[in-house]
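Step one of this worksheet: look at the structure below.
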Amino acid sequence: EELPRDSPTLGRNAKMLLLQLIASMGWQLQSFDIKAAFLQGKPQKDRVLAIEPVNELIQALQLKTNEVCKLEKGAYGLVDAPFLWYSAISEELIRLGFNQSPFDPCQFILRHPKTGNLEGILGLHVDDGICGGSSFFDEKIRQLEVKYPFGSKKIKQFTFTGIEMDQLPNGNITMKQTKYVNAINPIRITADRKTNVDTKI
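Take 665 as the starting number for the sequence shown in the working numbering and just add one per residue.
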């Protein structure tokens, strides 16, 4: 119960501000997700987990039957894995020159170190990122990808946290949830339902 487990995610207001800024500045809307993010989080401190390896791991590491594995970092399913990952990536973004927003811990602003000009903005939602910026910003994103390889990168049209995003040729950004809504099974009520006044469902 004492393990840190609070891992912030990008808030609605911060996301809307990010999208408005990208559209206003004429930047290209981008998204990315990071491969095996939780395995790349900060190492666990003062906590040792010894686990009985699964068959695939036994074969890959050529382990003996009496050997166990020590888990050095976070993994999916551990209560503090999201926190350890958030700590690692936010630390790396700050090292790359980003500033954390005082309004949302998952929003990062990039300014040029010499001119102070706004160069880009990035939002994090666990292992997914949404962003946009100048060529200077794009270089920083490439450096981030070197440290934490991306699973996928998309531009202008993609789904982020269940919302379909589409950047139009004029730079405007639209959002919709058509696929989500269409996947919801409708509630069907027959015409004779009104005669069963005592039915609760």
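For each residue, glycine too, the CB sits at the ideal point set by N, CA and C. Small disclaimer: the values here were computed from a predicted structure and weren't measured.
| Query | Result |
| --- | --- |
| 8 Å Cβ cutoff met for D787 and S798 | It is worth fixing the name first, because residue 787 is Gly in this sequence and not Asp. Not a contact, by the Cβ cut-off of 8 Å. |
| Sequence-distant residues of the same chain with beta carbon closer than 8 Å to F814, five excluded per side | F696, D697, I698, K699 |
| Short Cβ contact (8 Å threshold) for P777 with G761 | yes |
| Expected contact under 8 Å - CB spacing of A678 and Q771 to nearest Å | 4 Å |
| Between the CA atoms of K843 and L725 - distance to the nearest angstrom | 43 Å |
| Local conformation of D862 per DSSP, three classes | coil |
| Unbroken stretches of the alpha helix (DSSP H), 4 residues or longer, contained in the stretch 794-853 | 799-811, 842-846 |
| Short Cβ contact (8 Å threshold) for T825 with D792 | yes |
| Counted within 10 angstroms of its Cβ, other Cβ atoms place I848 as buried (16 or more) or exposed | exposed |
| Reference I773; option with closest CA among N781, T779, Q764 | Q764 |
| First and last residue of the uninterrupted beta strand (DSSP E) at E783 | 782-789 |
| As assigned by DSSP and simplified to three states, the class of D792 | strand |
| DSSP-derived helix/strand/coil call for N719 | helix |
| I853, buried or exposed, once every other Cβ within 10 Å from all chains shown has been counted against 16 | exposed |
| One or two residues paired with D697 in a DSSP bridge | D792, S816 |
| Alpha carbon of E744 to alpha carbon of T859, nearest angstrom | Before going further, note that residue 744 is Asp rather than Glu in the sequence given. Distance between the alpha carbons of D744 and T859: 53 Å. |
| Nearest-angstrom Cα separation, counted from E809 out to C733 | 29 Å |
| For F747, the three-state DSSP class (helix, strand or coil) | helix |
| As assigned by DSSP and simplified to three states, the class of N730 | coil |
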